[in-house]
Structures are given as structure tokens and as C-alpha cells.
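> Got a structure for you, written out below as C-alpha cells; questions coming shortly.
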Amino acid sequence: MPCFSLTSLLLVAEEAAAAAETAESTGLLNMDRLPLLGVAVFFVVAVVFWISVARSGGEINVREIAGLKAIEEAVGRATEMGRSVLFVPGIQDVSEIQTIAGITVLSKVAKTAAEYDAKVEVPVARTLVMVTARETVQEAFLAAGRPDAYNEDLIYYVTDEQFGYVAYLSGMMVREKPAACIYMGCFYAESLILAETGNSIGAIQVAGTAMPAQLPFFVAACDYTLIGEEFYAASAYLSESPAELGSLKGQDLAKVLAFGLIGLGALLATATQFVPSLQGAFDFFTGTLLG
Numbered sequence: 004m005p006c007f008s009l010t011s012l013l014l015v016a017e018e019a020a021a022a023a024e025t026a027e028s029t030g031l032l033n034m035d036r037l038p039l040l041g042v043a044v045f046f047v048v049a050v051v052f053w054i055s056v057a058r059s060g061g062e063i064n065v066r067e068i069a070g071l072k073a074i075e076e077a078v079g080r081a082t083e084m085g086r087s088v089l090f091v092p093g094i095q096d097v098s099e100i101q102t103i104a105g106i107t108v109l110s111k112v113a114k115t116a117a118e119y120d121a122k123v124e125v126p127v128a129r130t131l132v133m134v135t136a137r138e139t140v141q142e143a144f145l146a147a148g149r150p151d152a153y154n155e156d157l158i159y160y161v162t163d164e165q166f167g168y169v170a171y172l173s174g175m176m177v178r179e180k181p182a183a184c185i186y187m188g189c190f191y192a193e194s195l196i197l198a199e200t201g202n203s204i205g206a207i208q209v210a211g212t213a214m215p216a217q218l219p220f221f222v223a224a225c226d227y228t229l230i231g232e233e234f235y236a237a238s239a240y241l242s243e244s245p246a247e248l249g250s251l252k253g254q255d256l257a258k259v260l261a262f263g264l265i266g267l268g269a270l271l272a273t274a275t276q277f278v279p280s281l282q283g284a285f286d287f288f289t290g291t292l293l294g
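Quick note on this note's numbering: the sequence shown kicks off at 4 and runs consecutively.
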């Protein structure tokens with residue numbers, strides 16, 4: 004048995020040496036990229052550190068997001084006018100991260116509506132989104148102490164077809180005239196149609212998406228717009244979960260470092276044109292951190 008174990012170890016060592024030689028020859032172990040590994044480690048450590056700070060009771064300040072603060076105003080207005088709140092979670096399935104972010108905002112909208120005794124209508128373009136939205140709204144009403152006010156019939160599936168869905172929404176908005184229209188999720192060409200229709204009926208409109216091509220339409224036609232990172236930060240802002248707040252803080256620090264490195268690289272590139280002796284430093288910097 005000892006002989007067998009020794010033989011096995013020798014075979015494993017031989018295979019490991021061969022694998023290392025192959026990795027080195029194929030560039031898998033590029034020691035010049037170690038600084039990049041250091042940056043990645045910094046990202047991870049920053050996130051873990053701030054999560055631990057948040058869990059231990061440390062205060063983490065998050066900038067107020069005007070669009071999310073306007074939700075209470077929008078729901079309050081709907082209650083005063085005796086009209087409904089329309090929530091559109093985009094046109095993609097739950098596999099899309101923007102849809103998940105939109106469902107998080109829906110939880111806040113539903114809880115506020117339950118407290119104000121307002122009606123929230125959520126027509127969706129995907130069946131799985133309908134199921135998720137129903138569970139989310141039901142939990143929100145339960146948390147608000149109004150489980151009896153929950154009506155799952157107000158959260159329903161329309162169609163997967165893009166313009167069939169937006170045609171239904173536009174017609175419903177013109178007929179029922181909701182006091183507030185909230186669009187949170189992944190949108191494409193339908194964004195302009197929805198925003199313009201909501202604007203024409205005089206509804207308070209709050210939108211949020213990470214689709215750069217659709218943001219101009221929301222900004223032009225809606226009262227408040229969550230742009231890109233604000234939309235993703237909404238989850239941490241609304242939930243006040245230590246894990247999410249700490250993660251958000253850590254990611255912000257990582258972004259600051261990334262911007263700093265990019266700025267330093269730009270300065271080195273410019274300085275190299277005037278001081279050729281800096282070319283070596285520039286090559287090292289771009290080959291390790293920016294390469």
C-alpha cells in the first residue's frame with residue numbers, strides 16, 4: 004500500500020508539472036497580470052468589509068433617489084383622485100436582471116398603496132413575471148397589515164408580443180386614466196409610446212431602466228427617471244438590507260479605484276508623448292492593469 008501511495012503521488016506530481024508547463028506555454032500563468040489580480044482582490048475585500056460594517060450596525064449613507072421618493076407622492080395622488088396606480092415591470096422575463104430590479108420597486112409601490120388604500124394594477128408580458136409579481140404584492144400587503152385588500156386579479160398576463168402588449172397598455176391608460184404610471188424594467192421601442200400616452204392623460208410618471216437608448220424618451224416624458232446605476236441601487240435603497248447596502252458601498256469604492264486607474268493611464272499616455280523616458284512605465288501600466 005505505501006508503494007502504491009508513493010507511485011500515485013509521483014504520478015500526480017508528474018501530471019501537475021506537465022499541466023503547469025502547458026499553462027505557462029499557453030499564457031495561463033502570466034505573472035505580468037498579478038497587479039490585476041490585486042485589483043480584483045481589492046474589489047472583493049471592499050464589498051465584504053462594508054457588508055460586515057453594515058451588519059455590525061455601522062451607518063452607511065445612500066444618496067436619496069428622487070424618483071423613489073416620488074413614489075409615495077404618486078400613490079397619494081392616486082388615492083386622492085380615486086384612481087389606480089399602473090405599474091409596468093418591462094417586457095422581459097424574470098431571467099433579466101432589470102426585471103428583478105423592477106419587481107423590487109414594485110414591492111415598495113404595493114406596500115405604499117396598501118397603506119394608502121390605493122389600487123395597483125400590474126399587467127405583464129410574461130407569465131413567470133406575473134407569478135413573481137403576485138407573490139411580491141401579496142407579501143407587501145401582508146407587511147402593511149392589509150392582507151384582505153390584496154387582489155391577485157389586478158396582476159395579470161396580457162401577451163408576449165411586444166406591440167400587442169403596448170397597445171393594450173395604451174388603450175387601458177386612455178380609458179381608465181390611472182393617476183400614476185410607474186415603468187421599472189427592461190424596455191425597448193415601446194418606451195416612447197408608454198411615456199407619451201401617460202403624459203397625455205396627465206399622470207405622474209416615474210420610470211427606471213438600464214437601456215441607454217430608451218432613457219431619453221423617459222427623461223423627456225416622465226416626471227422622474229432612474230438612470231442606469233440608480234435603477235440597480237433602488238433595491239438596496241428601498242430594502243435597507245445590510246448585505247445590499249454594504250455591497251453597494253463596496254462596489255462604489257471599486258468604481259472609484261477603476262476610474263482612478265483609467266485616469267492615471269490617460270495621464271501617462273499623454274505624458275509619454277512629451278517625456279519619452281516614461282514609455283517603460285506606460286507599457287508596464289497598460290500591460291498589467293489596463294491590458
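Even glycine gets a Cβ: it sits at the ideal position worked out from N, Cα and C.
Note down the Cα distance separating Val-123 from Leu-71, rounded to an integer number of angstroms.
16 Å
> Taking one C-beta from the segment 236-251 and one from the segment 82-96 each time, how about it: are there three or more such pairs within less than 8 Å?
no
> Using 8 Å as the threshold, is the C-beta distance between Ile-68 and Glu-233 below it?
Contact flag set, yes.
> If contacts are defined as beta-carbon pairs under 8 Å, then Thr-188 and Thr-212 qualify, I think. What distance do you get, rounded to the angstrom?
Residue 188 is actually Gly in this sequence, not Thr. Contact holds; Cβ gap of about 7 Å.
> Residues bridged to Phe-90 by DSSP?
Ile-185
> Using the Cα positions of Ser-8 and Trp-53, report the straight-line distance between them to the nearest angstrom.
The pLDDT assigned to Ser-8 is 42, lower than 50, so where the model puts this residue is not dependable; a value taken from the coordinates is nonetheless given after this. Going from the Cα of Ser-8 to the Cα of Trp-53 covers about 46 Å.
> According to the Cβ coordinates, are Val-112 and Val-78 closer than 8 Å?
Yes, these two residues count as a Cβ contact at 8 Å.
> Would you kindly work out how many angstroms separate the C-alpha atoms of Val-209 and Val-134, rounded to a whole number?
23 Å
> Beta-carbon within less than 6 Å of Ala-224's beta-carbon, same chain only, minus the 5 sequence neighbours each way: which residues are those?
Ala-198, Glu-199 and Asn-202
> Would you tell me roughly how many angstroms separate the C-alpha atoms of Phe-221 and Ala-192, rounded to the nearest one?
Per the coordinates, the alpha-carbon of Phe-221 lies some 11 Å from the alpha-carbon of Ala-192.
> Starting from the Cα of Gln-95, find the closest Cα among Ile-103, Leu-89 and Val-88 and give me that residue.
From the listed residues Ile-103, Leu-89 and Val-88, the smallest Cα separation to Gln-95 is found for Ile-103.
> Excluding the 5 residues preceding and the 5 following Ser-110 in the sequence, name in chain order all residues of the same chain whose CB lies nearer than 6 Å to its CB.
Contacts found: Thr-139 and Ala-143.
> How many Å lie between Ile-158 and Val-88 at the Cα?
12 Å
> I need the DSSP call for Ala-73, collapsed to helix, strand or coil.
helix
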